[in-house]
Amino acid sequence: MRRRLVIDGNAVYEIDEDCMLRKRMDSERAEKEKKGREKEKNQEQSK
6 MRRRLVIDGN
16 AVYEIDEDCM
26 LRKRMDSERA
36 EKEKKGREKE
46 KNQEQSK
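Residue numbering for the sequence shown follows this note's numbering, starting at 6 and increasing by one per position.
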């Protein structure tokens with residue numbers, strides 16, 4: 006498990022890089038699916 010420690014003044018944050026990667030991949034996949042659905046909808050409307 007990869008983690009990054011970020012120190013910002015008096016605040017300290019621990020970032021789980023594996024979790025951030027999963028979140029980014031999930032959001033990209035959801036965005037692609039949404040674009041695919043919109044494209045299909047537009048094709049159906051143009052018929």
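C-beta atoms are modelled at their ideal positions from N, C-alpha and C, and glycine is treated no differently.
Anticipated Cβ contact below 8 Å, residue i with residue j, distance rounded
| i | j | result |
| --- | --- | --- |
| M6 | D31 | Their Cβ separation, rounded to whole angstroms, is 18 Å, which puts M6 and D31 out of contact at 8 Å. |
Simplified DSSP assignment, three categories, for residue i
| i | result |
| --- | --- |
| R8 | strand |
Cβ pair residue i, residue j closer than 8 Å
| i | j | result |
| --- | --- | --- |
| R8 | I20 | yes |
| V17 | L26 | no |
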